[in-house]
Amino acid sequence: MSSYVITGASRGIGLEFVRQLSANSENKVFALVRNKATATKLKNLARNNITILEADVTDGKALQLAAAEVSKATDNKLDYLINNAGATTDPGLTLDQFPDPEAVEKDLVENFRTNAISVVHSTNAFLPLLKNGSAKKVLTVGSALGDSELTLKAEVTARAGYSIAKAALNLVVAKYAAQYKAQGFVFLSINPGSVDTSADAISEPSAGTIAENTALFKAITTNLPNHKGRITPEESVRLQLEVFNRWTVEETGAFVSQHGSKKFV
3 MSSYVITGAS RGIGLEFVRQ LSANSENKVF ALVRNKATAT KLKNLARNNI TILEADVTDG
63 KALQLAAAEV SKATDNKLDY LINNAGATTD PGLTLDQFPD PEAVEKDLVE NFRTNAISVV
123 HSTNAFLPLL KNGSAKKVLT VGSALGDSEL TLKAEVTARA GYSIAKAALN LVVAKYAAQY
183 KAQGFVFLSI NPGSVDTSAD AISEPSAGTI AENTALFKAI TTNLPNHKGR ITPEESVRLQ
243 LEVFNRWTVE ETGAFVSQHG SKKFV
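In our numbering, the protein residues as written are 3 to 267.
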């Protein structure tokens, strides 16, 4: 039997992690969401081995309370942590397109908080349990937009705040990996691929968001002709878990694609 904590579990990639991992009735899956009341699809899974917990990943104290609940159910142990939660309010601007210095700083700080600091909070909250677990593995869902090589090759200039925060996230993973390698921990950041999560969208995207996404994927497909297009959450999570399950402590701290390489498309 293995125990898992998955953040951002109410929809999209996080929900798919819960679905696939809870399919094994021997697993204990703890699904963290910001709001239980709106986690309808998660509740509809209706599996006895899923426990839904409420915690905002930007709230370190709320995560500590969630960790205490997990501890009660697992005898103070946790095998796997999957840091999936993240968000962006990125308006799709380049760094020099914001209307004023305050606006660009606000975008950078908010993205850093939701996509990098949040992972520090969640990892710290569950580390004491992971130390007692048998696997000691932490997967963090990253983004190819945080990769400088791809940014230059695909000439992706927009989504600056989100991209910079995701780049910082990879160093967060590397810092933990360097600190805990001697204790047998495996930390890994995985780009999930270009995942189509439109079916789980809370609301219809705005015209601005549609235009931004269109421009982004046009830049990627134009400059990276081998890009295969969108994949489903099911395929993304299946591939991520294959990589995560085979990753070893000797390779800890890496940032790779859902194929286990630095080839992101």
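All C-beta atoms, glycine included, are put in the ideal place defined by N, C-alpha and C.
What you are looking at is a predicted structure, and each value in this text was computed from that prediction instead of being measured.
- [ ] Using three-state DSSP, classify Thr116 as helix, strand or coil.
- [x] Along the sequence shown, read from residue 1 onward, the residue named residue 116 stands at position 114. In this structure, Thr116 counts as helix in the three-state DSSP scheme.
Open item on the list: Starting from Asn85, trace the alpha helix (DSSP H) in both directions and tell me its first and last residue.
Closed with: Translated into positions along the sequence shown, residue 85 becomes position 83. Taken as a continuous stretch (DSSP letters only), Asn85 belongs to no alpha helix (DSSP H), being part of the beta strand (DSSP E) at Tyr82 to Asn85.
- [ ] Find out if the Cβ-Cβ distance for the pair Glu18, Glu236 is shorter than 8 Å.
- [x] On the sequence shown, position 16 is the one that residue 18 refers to. On the sequence shown, position 234 is the one that residue 236 refers to. It is a contact, given that the beta carbons lie within the stated cut-off.
Task: Nearest-angstrom beta carbon gap, Ile8 and Asn86 [assumed within contact, 8 Å] - done: Here residue 86 is taken as the residue at index 84 of the sequence shown, counted from 1. Here residue 8 is taken as the residue at index 6 of the sequence shown, counted from 1. At roughly 6 Å, the Cβ-Cβ gap stays under 8 Å, so Asn86 and Ile8 are in contact.
Open item on the list: Cutting at 7 Å between CB atoms, please list the residues of its own chain near Ala180, excluding the five before and the five after it.
Closed with: Taking the sequence shown and counting its residues from 1, one reaches residue 180 at position 178. So the list reads Gly255, once near-sequence residues are dropped.
TODO: Compute the Euclidean distance between the alpha carbons of Lys264 and Val188, then round it to the nearest angstrom.
DONE: Within the sequence shown, the letter at position 262 stands for residue 264. Within the sequence shown, the letter at position 186 stands for residue 188. Taking the Cα positions, Lys264 is about 18 Å away from Val188.
TODO: For my contact list, Thr125 and Leu83 are in at a C-beta cut-off of 8 Å; report their separation, rounded to the angstrom.
DONE: Locating residue 125 in the sequence shown gives position 123, counting from the first residue. Locating residue 83 in the sequence shown gives position 81, counting from the first residue. With 8 Å as the limit, Thr125 and Leu83 qualify as a contact, their Cβ atoms being about 7 Å apart.
- [ ] Please list, in chain order, all residues of the same chain as Ser136 whose beta carbon is under 7 Å from its beta carbon, the five residues on each side excluded.
- [x] Indexing the sequence shown from 1 puts residue 136 at position 134. Contacts found: Asp81.
- [ ] Taking only the alpha-carbon atoms, compute the straight-line gap between Ser165 and Ser145 and give it to the nearest angstrom.
- [x] Residue 165 sits at position 163 when you count from the first residue of the sequence shown. Residue 145 sits at position 143 when you count from the first residue of the sequence shown. Near 8 Å, if we compare the C-alpha coordinates of Ser145 and Ser165.
Task: Inter-residue Cα distance where the pair is Lys30 and Ala48 - done: Here residue 30 corresponds to residue number 28 of the sequence shown, with the count starting at 1. Here residue 48 corresponds to residue number 46 of the sequence shown, with the count starting at 1. Each residue's Cα considered, the two are about 13 Å apart.
TODO: Within 10 angstroms of the Cβ of Val111, are there 16 or more other Cβ atoms? Answer buried if so, exposed if not.
DONE: On the sequence shown, position 109 is the one that residue 111 refers to. Under this definition Val111 is an exposed residue.
Open item on the list: Can you tell me whether Val258 is helix, strand or coil according to DSSP?
Closed with: As a working mapping, residue 258 is identified with position 256 in the sequence shown. Under the three-state reduction of DSSP output, Val258 falls in the strand class.
TODO: With distances taken Cα to Cα, identify the nearest neighbour of Ile119 among Leu171, Leu34, Ala39 and Lys63.
DONE: Taking the sequence shown and counting its residues from 1, one reaches residue 119 at position 117. Answer by Cα proximity: Leu171.
TODO: Have a look at the DSSP bridge pairing and note the partners of Val52.
DONE: Stepping through the sequence shown from its first residue, residue 52 is reached at position 50. In the sequence on display, residue 52 carries Ile and not Val. DSSP lists Val31 as partners of Ile52.
Task: Complete runs of the alpha helix (DSSP H) confined to the segment 124 to 187 [at least 4 residues] - done: 150 to 156 and 162 to 182
Open item on the list: Can you tell me where the alpha helix (DSSP H) holding Val245 begins and where it ends?
Closed with: Counted from its first residue, the sequence shown places residue 245 at position 243. Note, Val245: alpha helix (DSSP H), Pro235 to Arg248.
Task: Where Arg13 falls, given that 16 or more other Cβ within 10 Å makes a residue buried - done: Along the sequence shown, read from residue 1 onward, the residue named residue 13 stands at position 11. By the neighbour-count rule (16 or more Cβ atoms within 10 Å), Arg13 is buried.
Task: Assumed close pair Asn117, Gly94 - CB separation to whole angstroms, cut-off 8 Å - done: Numbered from its first residue, the sequence shown carries residue 117 at position 115. Numbered from its first residue, the sequence shown carries residue 94 at position 92. Rounded to the nearest angstrom, the Cβ distance from Asn117 to Gly94 is 16 Å, too far for a contact under 8 Å.
Task: Start and end residues, beta strand (DSSP E) containing Ser263 - done: Within the sequence shown, the letter at position 261 stands for residue 263. Per DSSP, Ser263 lies in no beta strand (DSSP E) segment and is marked neither H nor E.
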